[in-house]
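J.: Start counting the sequence shown at 5; every next residue gets the next number (UniProt numbering).
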Amino acid sequence: HAIYLKDYQPPRYQVEHTELRFDLAPDATRVQATLQIARAPGTASDAALVLDGDHLTLEHVAIDGQPLEPGEFEVTDRALTIYTVPERFRLDTEVVLAPASNTALEGLYQSNGMFCTQCEPEGFRRITFYPDRPDVMATFTTTVIGDQAATPILLANGNPVERGELPDGRHFVTWNDPHPKPAYLFALVAGNLEKIEDQFTTQGGREVTLQIWVEQQNLDKTAFAMTALKHSMRWDEERFGREYDLDLFMIVAVDDFNMGAMENKGLNIFNSSAVLANPDTTVDAMFQRIEGIVAHEYFHNWSGNRVTCRDWFQLALKEGFTVFRDQLFSSDMNSAPVKRIEDVALLRTAQFAEDSGPTAHPVRPDHFIEISNFYTLTVYEKGAEVVRMLCNLLGWETFRKGSDLYFERFDGQAVRVEDFVDCMAEVSNLDLTQFMRWYSQAGTPEVSVDSAYDAERRTFTLTLSQHTPATPGQDEKAPLQIPVEMGLLDEQGADMALVIDGQSHGSSTVLNLDESTKQFVFEDVPHAPVPSLLRGFSAPVKLRQTLTREQLSFLMRHDSDGFNRWDAGQQLALKELETLMAAYRHGDEMVLDEFFVETVRSLVETPASDKAVLAEMLTLPTEAFIAEQQTTVDIDAIHQARRFAIARLGDTLFEAFETLYTQEQSDAAYAPDFDQIAQRSLKNVALAYLCASGREEAFAYARRQFEANANMTDVRAALTQLAHAGDTSIGDPAIRAFGERWAHDPLVMDQWFATQVSRPHEDALERVRFLMAHPAFSIKNPNRVRALIGTFVNQNRVNFHRRDGQGYRLLADVVIELNRLNPEIAARMVLPLTRFKRLDETRRALMLEQLERIKAEPLSRNVYEVVDKALTSA
Ligand code: ARG
Ligand code: ZN
Numbered sequence: 005h006a007i008y009l010k011d012y013q014p015p016r017y018q019v020e021h022t023e024l025r026f027d028l029a030p031d032a033t034r035v036q037a038t039l040q041i042a043r044a045p046g047t048a049s050d051a052a053l054v055l056d057g058d059h060l061t062l063e064h065v066a067i068d069g070q071p072l073e074p075g076e077f078e079v080t081d082r083a084l085t086i087y088t089v090p091e092r093f094r095l096d097t098e099v100v101l102a103p104a105s106n107t108a109l110e111g112l113y114q115s116n117g118m119f120c121t122q123c124e125p126e127g128f129r130r131i132t133f134y135p136d137r138p139d140v141m142a143t144f145t146t147t148v149i150g151d152q153a154a155t156p157i158l159l160a161n162g163n164p165v166e167r168g169e170l171p172d173g174r175h176f177v178t179w180n181d182p183h184p185k186p187a188y189l190f191a192l193v194a195g196n197l198e199k200i201e202d203q204f205t206t207q208g209g210r211e212v213t214l215q216i217w218v219e220q221q222n223l224d225k226t227a228f229a230m231t232a233l234k235h236s237m238r239w240d241e242e243r244f245g246r247e248y249d250l251d252l253f254m255i256v257a258v259d260d261f262n263m264g265a266m267e268n269k270g271l272n273i274f275n276s277s278a279v280l281a282n283p284d285t286t287v288d289a290m291f292q293r294i295e296g297i298v299a300h301e302y303f304h305n306w307s308g309n310r311v312t313c314r315d316w317f318q319l320a321l322k323e324g325f326t327v328f329r330d331q332l333f334s335s336d337m338n339s340a341p342v343k344r345i346e347d348v349a350l351l352r353t354a355q356f357a358e359d360s361g362p363t364a365h366p367v368r369p370d371h372f373i374e375i376s377n378f379y380t381l382t383v384y385e386k387g388a389e390v391v392r393m394l395c396n397l398l399g400w401e402t403f404r405k406g407s408d409l410y411f412e413r414f415d416g417q418a419v420r421v422e423d424f425v426d427c428m429a430e431v432s433n434l435d436l437t438q439f440m441r442w443y444s445q446a447g448t449p450e451v452s453v454d455s456a457y458d459a460e461r462r463t464f465t466l467t468l469s470q471h472t473p474a475t476p477g478q479d480e481k482a483p484l485q486i487p488v489e490m491g492l493l494d495e496q497g498a499d500m501a502l503v504i505d506g507q508s509h510g511s512s513t514v515l516n517l518d519e520s521t522k523q524f525v526f527e528d529v530p531h532a533p534v535p536s537l538l539r540g541f542s543a544p545v546k547l548r549q550t551l552t553r554e555q556l557s558f559l560m561r562h563d564s565d566g567f568n569r570w571d572a573g574q575q576l577a578l579k580e581l582e583t584l585m586a587a588y589r590h591g592d593e594m595v596l597d598e599f600f601v602e603t604v605r606s607l608v609e610t611p612a613s614d615k616a617v618l619a620e621m622l623t624l625p626t627e628a629f630i631a632e633q634q635t636t637v638d639i640d641a642i643h644q645a646r647r648f649a650i651a652r653l654g655d656t657l658f659e660a661f662e663t664l665y666t667q668e669q670s671d672a673a674y675a676p677d678f679d680q681i682a683q684r685s686l687k688n689v690a691l692a693y694l695c696a697s698g699r700e701e702a703f704a705y706a707r708r709q710f711e712a713n714a715n716m717t718d719v720r721a722a723l724t725q726l727a728h729a730g731d732t733s734i735g736d737p738a739i740r741a742f743g744e745r746w747a748h749d750p751l752v753m754d755q756w757f758a759t760q761v762s763r764p765h766e767d768a769l770e771r772v773r774f775l776m777a778h779p780a781f782s783i784k785n786p787n788r789v790r791a792l793i794g795t796f797v798n799q800n801r802v803n804f805h806r807r808d809g810q811g812y813r814l815l816a817d818v819v820i821e822l823n824r825l826n827p828e829i830a831a832r833m834v835l836p837l838t839r840f841k842r843l844d845e846t847r848r849a850l851m852l853e854q855l856e857r858i859k860a861e862p863l864s865r866n867v868y869e870v871v872d873k874a875l876t877s878a
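#1: Around the ligand ZN, what residues have a beta-carbon under 6 Å from a heavy atom of it, in chain order?
#2: Less than 7 Å separating the Cβ of Met263 from some heavy atom of the ligand ARG?
#3: Would you kindly report the start and end of the unbroken beta strand (DSSP E) that includes Thr120?
#4: For the beta strand (DSSP E) that residue 4 lies in, which residues bound it at each end?
#5: Drop a sphere of 10 angstroms on the beta-carbon of Phe599, count the other beta-carbons inside from all chains shown, and report buried for 16 or more, exposed for fewer.
#6: Using the beta-carbon count (16 or more within 10 Å), is Val35 buried or exposed?
#7: Restricting to Cα atoms, I'd like to know which of Glu211, Val421, Val545, Asp11 is closest to Thr312.
#8: Could you tell me whether any non-hydrogen atom of the ligand ARG is closer than 7 Å to the CB of Gln122?
#9: Answer yes or no: do Pro103 and Leu112 have a C-beta to C-beta separation smaller than 8 Å?
#10: Please find out if some non-hydrogen atom of the ligand ARG comes closer than 7 Å to the beta-carbon of Tyr302.
#11: Determine the direct distance from the alpha carbon of Ile86 to that of residue 2, and round the result to whole angstroms.
#12: Three-state secondary structure (DSSP) at Met393?
#13: For Leu792 and Asp251, what's the separation of their Cα atoms in angstroms?
#14: Return helix, strand or coil for Ala160, following the three-state DSSP convention.
#15: Measuring CB to CB, does Phe558 end up less than 8 Å from Val534?
#16: According to DSSP, is Tyr8 helix, strand or coil?
#17: Could you say which of Asp718, Pro786, Pro483, Val348 lies nearest to Thr437 if we only look at CA atoms?
#18: Identify, in the order they occur along the chain, each residue of the same chain with its Cβ nearer than 7 Å to the Cβ of Val151, setting aside the five sequence neighbours on each side.
#19: CB of Ala379 to nearest heavy atom of the ligand ARG: below 7 Å?
#20: Could you tell me the alpha carbon to alpha carbon distance between Gln854 and Met254, rounded to whole angstroms?
#21: When we look at the beta-carbon of Pro862 and count the other beta-carbons within 10 Å, is it buried (16 or more) or exposed?
#22: If you follow the beta strand (DSSP E) that His562 is part of, which residue opens it and which one closes it?
#23: Whose C-alpha, out of Leu726, Ala777, Arg740, is nearest the C-alpha of Pro764?
#24: Once you ignore the five residues that flank Glu78 on each side, which residues in its own chain have a CB closer than 7 Å to its CB?
#25: I'd like the span of the beta strand (DSSP E) that includes Lys322, first residue to last.
#26: Looking at the C-beta of Ala320, does it have a partner C-beta in chain C at a distance below 8 Å?
#27: List, from N- to C-terminal side, the alpha helix (DSSP H) runs of 4 residues or more that fit wholly inside the region 238-308.
#28: Mind checking which residues open and close the beta strand (DSSP E) that includes Phe93?
#29: Please state the DSSP three-state secondary structure of His471.
#30: According to DSSP, Met490 sits in a beta bridge with which residue or residues?
#31: In angstroms with no decimal places, state the Cα-to-Cα distance between Leu492 and Asp330.
#32: Name the one or two DSSP bridge partners that Arg865 has.
#33: Can you name, in chain order, every residue of its own chain whose Cβ lies under 7 Å from the Cβ of Phe648, other than the five neighbours on each side?
#34: Would you tell me roughly how many angstroms separate the C-alpha atoms of Leu271 and Val617, rounded to the nearest one?
#35: If the criterion is Cβ atoms closer than 8 Å, does the pair Arg832 and Phe840 meet it?
#36: The ligand ARG and Pro125: does any heavy atom of the ligand fall closer than 7 Å to the residue's C-beta?
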């Protein structure tokens, strides 16, 4: 039951116009659809019309006003087939839905009584019979009818064209969207909502009304997103020449939502966690995430909506490009180096882990069972890295020309990845044939480095080799085109002039590694340099390079590339952690190296030019990142070594951290701006080290910060330190106070759950079980599930991977329940159980046991696909 890219067939019938009429009711919503359909050129005149429909109850079907007789059509759980149809005709259907019992949160459902939709990728077929594929694009007119009291606000895509009252306390609004669109961009919202409104004038002079619709109690959390939206609109005009194309742009916040947000034409629907923010309830990182997501969804209006995907295999066409665009936006708005560090950290942990596990797939997959399973880090984040490489290969100005050409040439069309890359090839005259392999080849390439300095010839030779390990279904890998940006540092730490083949390459250049092995000879090199490779993380690869601690510390202090300065620090810390892990494994005493302590001391004590970067530099590699570097992952050693290092640093450098902590206090009124965020991160990193020392004075700082209640960033940082203390009596009062204070606010309660279950001590799993029984926990709310279960599984590795297998059992219990309620979330939650490949035998067996237990259930397509892949690869 897999679907293959190679089997693509163009649609046999096109929809020219779609008219929908929703008569809303929680248990019986009537949906009438009137489709203006035309046979596509080249289609045989006897070709049946097949419309997708996912478990729909058909009440009526007619062609050109003539109801169909039973023998003229067939309805199954998946489709409506009409055997003979004219060349052009009007199709009327009517179905009945029960949004109140839709727990999958796909199609039309209810969240806190509000009606809303999620159609991407294949949710529209749960609403009405339709050719639910992105290469069928139609204009839409939507009439929404609802109860005036329960649903005073009725929204859909486009512009409102008519409204009125109806008998029995009901009313309606009709919306028209003039831009042809695929069904996945359809949206409807109906509820008791209030809005904030603003205005934006486009470069071309269009007056656009901007609205953010929320439940009344959330009105005070909308201002930030509105500002972010206006910034996004301006930025897309300035950077990409893209203007908005309707008179109205709406955002709605919804509490129950599977993903972050959705770019429905003119009516973006957001998970409330991805849009609502204010200083009392929201931490800095969340403000930044919200700004990025608001931008992302807005940018889709061009990269996704005006130019859309031919089929779902092309998902990265819109997602990779749009993530790249939102990354550029965020780095323009905030700290560019920190944004890059964060994105790379996500890629190198989560995406690399995906690439080396049973669900590995290319940026453009070539087959799937359930497309919802492919909204992955590979499609989004690696997809963005591939676009970034294109941008770097072409240079910004040429890339921008390619982007302009793409939007102009394909406006209003549903296209493929090739169409995008061809535009880039055309404007640059580059041959991107080999580059296309980045889209078809799964797995993370490993680049190894050999170097030799020849004092006599004054040459420095770099030998770069690439190798991509096999992934399921792809044993043979061809060499990729890997751009390696690099420089050579001289004894003073300055960049040397780079000369290759008598040609000058400035102080930083890009080596084109497009074969398995390639040599690069630098001339006129007066002494052995320290190479700085993969600057800015110029390609999504694992760099295998052996540098000494002295070289790493040198790069950390001198590299002209900010990203590589940070990365050298991470590599240095990694070396130190590896030594500690070895000691732990041998049962020896762990001792923190003096050189390392002094390196950290100098960071803490030297006034920082960039506080945000310093905060990143002071953060040791995460457990997930360390695990990615190991052939066999030693869960316990990683955890113990890292925790030991932090505690020792906190204790040894207590006074230095105390000074830093005190220095970085501020009385300024809270703003989620770059300078303040940098300062708070640095201060709270210092607080974490102080508390890691276990000293009572440190907890006194945390307690004071918690009680001062200045803003959620500081409160939450302090709460985390208290709640993660070994002695529960240190954290319990704060946890209780926080829980009582914020019981009314779901987004803060999510943080309350998350903070408790990320506690690194042995009682964490019991805490999870206990909190699952808490009245505020609901397995039907994806945010709650992510906060409680997701945080435990992903941020508390040592306890999830408990040797007694209780962590795996707990996750399997949750997955089994979710499989019945919300398959999309279930298939996401199960993923950590599939990452057994590099674990010890005991844990592997325990994980497989739980996967088998899940496999024995009647499974949704979503969960089946993931679990089957995992068990097959075992
Ligand atoms: N297109 C949306 C975004 O990237 C994500 C929608 C994903 N939907 C889903 N059911 N997986 O912003
Ligand atoms: Zn997207």
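By construction, the Cβ of each residue, glycine as well, lies at the ideal position given by its N, Cα and C atoms.
T.: Reading it off the structure:
#1: His300, His304, Glu323, Thr326
#2: yes
#3: The sequence shown places Cys at residue 120, rather than the Thr named in the question. Unbroken beta strand (DSSP E) run through Cys120: 118-122.
#4: There is simply no residue 4 to check, as the chain begins at 5 and stops at 878 in what is shown.
#5: exposed
#6: buried
#7: Val421
#8: yes
#9: yes
#10: no
#11: Because the chain spans 5 through 878 in this model, residue 2 falls outside it and cannot be assessed.
#12: helix
#13: 41 Å
#14: strand
#15: yes
#16: strand
#17: Pro483
#18: As written in the sequence, residue 151 is Asp, which differs from the Val given in the question. Counting only Cβ-Cβ distances below 7 Å, and skipping sequence neighbours, we find Gly173, Arg174.
#19: Correcting the residue type first, residue 379 is Tyr in the shown sequence and not Ala. Yes, the Cβ of Tyr379 comes within 7 Å of a heavy atom of the ligand ARG.
#20: 44 Å
#21: exposed
#22: Taken as a continuous stretch (DSSP letters only), His562 belongs to no beta strand (DSSP E), being part of the alpha helix (DSSP H) at 553-562.
#23: Leu726
#24: Thr85
#25: Where Lys322 is concerned, there is no enclosing beta strand (DSSP E), although the alpha helix (DSSP H) it sits in stretches over 319-337.
#26: Among the chains of the structure shown, chain C does not appear; only one protein chain is present.
#27: 288-303
#28: 92-101
#29: strand
#30: Thr513, Leu537
#31: 32 Å
#32: None; Arg865 has no bridge partner.
#33: Leu584, Met594
#34: 37 Å
#35: no
#36: yes
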